[in-house]
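**Student:** Those sequence lines, one after another, are chains A and B.
According to my numbering, the residues represented by the first sequence are 1 to 206, in order.
According to my numbering, the residues represented by the second sequence are 1 to 206, in order.
Before anything else, here's the structure in question.
2 protein chains.
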Amino acid sequence: MRSYRQYCGLARALDIVGDRWNLLIVRQLLIAPARYQELLGGLPGIATNLLADRLRDLETEGVIERRLPDTGNGIIYALTDWGAALREPVEGLIRWSTPLMIRGADGDQFRPHWLGLALSALLTPRARGNRSASVGIVVDGETIQLRVERTGVKVGPHDGRNLDATVHADPQIILGLAAGVLSIDDLDALIDIQGDKAAVRAILGA
Amino acid sequence: MRSYRQYCGLARALDIVGDRWNLLIVRQLLIAPARYQELLGGLPGIATNLLADRLRDLETEGVIERRLPDTGNGIIYALTDWGAALREPVEGLIRWSTPLMIRGADGDQFRPHWLGLALSALLTPRARGNRSASVGIVVDGETIQLRVERTGVKVGPHDGRNLDATVHADPQIILGLAAGVLSIDDLDALIDIQGDKAAVRAILGA
DNA sequence: CCGCATCCTCATGGATACTG
DNA sequence: CAGTATCCATGAGGATGCGG
């Protein structure tokens, strides 16, 4: 993309990450470092030449870096420290998009990890938790683990440890709960909770 | 721009504001509602047909609205409530861009209001102020007023009221101070402070 | 004047096939 | 596996025109 040539922080930020696909690549790497093919799978719709171009751009600008794993073969792409600092504005945009998301998927592609990032964006600001609990959200066969403590909320893949409860529900239901526009009590038919319902309420409740 | 067709908050947000120029238009309207010609002047480099296109898009998506002033003639563009909520991610991107800004303008276009928005982004998070003070920053002949109180920092155009101090310095110096990478004491030759130096230190100091 | 719309040129994005 | 190469479609940029 052409530079805006404006001495303004927003314009200079967009000179780097404003190119089409760039922030979505950052999104994938905020979820976890990834290989080229994993990025292609996590970015449905991108053309392979564009992914290669953007990875080059982002690397030369210092947003991402290539790592060679100990096993020797292949390349792993990861965010630099500065690139990882994009989590704040990215999660801000995700919070802003809530009205667009509660309308439902409408045929769009979906990856469970994206929901994990959205939950991180929606739940982290309100550091809830005089009670500690861990809950698994099962979507598309993948389990996202939410753990709340006094320090805040941690979101990530299921680490195999014990869960206080397991929730099965559609993504937009989970998002509605996390955003506070839905209440658990109104949705018995749409949510399947196994285990400690109070733990779910502590994390996703009003 | 084509939709990403991804059921992800970031992708849906970028479907709306990811088009080139869109976030910069939002930036201008975060500073103040504006007429078409004012937007053209505040967005150096944009083509007039693109501005018209983008304003239409943003209006149909509910980010901005057209207002007819009491004087009757002309159109005033302003953010909707939802559009104004973009302040958070926009200021996040501005904070992220600090390393790009302290390098200096390098011939890029500049508008004093942009510095005001950057100061808002950098100073608001750290709600400083056991002391109340108001300071004017003079850049390119325009005065930006910073007012700190217990409740936080307010940034805006000079309202004509008394200032505790007036600062003359280049934008990158002001940004370096606000970002905490420069210290007032090291820069006597580059900053001209008239009035209460302690008030300046209370707002821009370490 | 202000608020756009049209026209044209060129850079960028997108889809597919192919390679070290 | 990790990308290039190629070709076509789309969108940006710039100049200019035009109605209220």
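Idealized CB from N, CA, C, for every residue including glycine.
Note that the coordinates shown come from a computational prediction; the quantities given were computed from them, not determined experimentally.
Write down every uninterrupted run of the beta strand (DSSP E) in the stretch 41-122 of chain B whose length is 3 residues or greater and which is fully enclosed by it, in chain order.
**Tutor:** Qualifying beta strand (DSSP E) stretches, in chain order: 64-67 and 76-79.
**Student:** Considering only their Cβ atoms, is the gap separating G45 (chain B) from Q28 (chain B) smaller than 9 Å?
**Tutor:** Not closer than 9 Å, so no.
**Student:** Can you tell me whether P171 (chain A) is buried or exposed? The criterion is at least 16 other CB atoms within 10 Å of its CB, across all chains shown.
**Tutor:** Classification for P171 (chain A): buried.
**Student:** Measure from the C-beta of V181 (chain A) to each C-beta in chain B and report whether the shortest distance is under 9 Å.
**Tutor:** No, because no Cβ of chain B sits closer than 9 Å to the Cβ of V181 (chain A).
**Student:** So who's on the other strand from I193 (chain A), going by DSSP bridges?
**Tutor:** DSSP lists A:V167 as partners of I193 (chain A).
**Student:** When you compare each of A:D108, A:L119 and A:A52 to Y36 (chain A) by their alpha carbons, which one comes out closest?
**Tutor:** The option with the nearest alpha carbon to Y36 (chain A) is A:A52.
**Student:** So the alpha helix (DSSP H) I25 (chain B) belongs to, where does it begin and stop?
**Tutor:** Residues N22 to I31.
**Student:** Please name the residue, chosen from B:G92, B:R54 and B:D140, that lies closest to Q109 (chain B) on a Cα-to-Cα basis.
**Tutor:** Of B:G92, B:R54 and B:D140, the residue nearest in Cα terms is B:D140.
**Student:** Give me the chain B residues within the contact set of R12 (chain A), using Cβ-Cβ distance strictly less than 7 Å, ordered along the chain.
**Tutor:** By Cβ distance, chain B contributes S97, L100 and M101.
**Student:** Just to confirm, is the Cβ distance from L50 (chain A) to W21 (chain A) under 9 Å?
**Tutor:** Yes.
**Student:** Does Q6 (chain B) pass the burial test, meaning 16 or more other C-beta atoms within 10 Å, or should it be called exposed?
**Tutor:** Buried, because 16 or more other Cβ atoms sit within 10 Å of the Cβ of Q6 (chain B).
**Student:** To the nearest angstrom, report how far apart E142 (chain B) and T166 (chain B) are at their CA atoms.
**Tutor:** For E142 (chain B) and T166 (chain B), the distance between alpha carbons rounds to 12 Å.
**Student:** So R126 (chain B) contacts chain A; which residues on that side make the cut at Cβ distance below 9 Å?
**Tutor:** Per Cβ cutoff of 9 Å: no residues; R126 (chain B) is ~14 Å from chain A at best.
**Student:** Return the CA-CA distance between S132 (chain B) and G152 (chain B), expressed in angstroms with no decimal places.
**Tutor:** The straight-line gap from Cα to Cα measures roughly 10 Å.
**Student:** Can you give me the Cβ contacts of D15 (chain A) inside the same chain, cut-off strictly under 8 Å, excluding the 5 residues immediately before and after it?
**Tutor:** So the list reads M1, S3 and Y4, once near-sequence residues are dropped.
**Student:** Specify the secondary structure class of G156 (chain B) as computed by DSSP and reduced to three states.
**Tutor:** DSSP places G156 (chain B) in strand when its eight states are reduced to three.
**Student:** Between the stretch 22-41 of chain B and chain A, which residues of the former have a C-beta closer than 7 Å to a C-beta of the latter?
**Tutor:** Correct list: L23, L24 and R27.
**Student:** Taking only three categories from DSSP, how would you classify R147 (chain B)?
**Tutor:** Residue state, collapsed to three classes: strand.
**Student:** Is the CB of P157 (chain A) under 9 Å away from at least one CB in chain B?
**Tutor:** Chain B, which has no Cβ nearer than 9 Å to the Cβ of P157 (chain A), makes this no.
**Student:** Is it true that the CB of S120 (chain A) sits closer than 9 Å to the CB of R161 (chain A)?
**Tutor:** Their beta carbons are not under 9 Å apart, which means R161 (chain A) does not touch S120 (chain A) by this criterion.
**Student:** With a threshold of 9 Å between beta-carbons, can Q6 (chain A) be considered close to chain B, or not?
**Tutor:** Taking Cβ atoms only, chain B reaches closer than 9 Å to Q6 (chain A), which makes this a yes.
**Student:** Within the continuous alpha helix (DSSP H) that includes I16 (chain A), where are the two ends?
**Tutor:** Start and end: G9 to V17.
**Student:** Can you list, in chain order, the residues of the stretch 107-119 of chain A whose Cβ is nearer than 8 Å to any Cβ on chain B?
**Tutor:** Residues G107, D108, Q109, F110, R111, W114, L117 and A118.
**Student:** Tell me whether G141 (chain B) sits in a helix, a strand or coil according to DSSP, three-state version.
**Tutor:** Three-state DSSP puts G141 (chain B) in coil, outside helix and strand.
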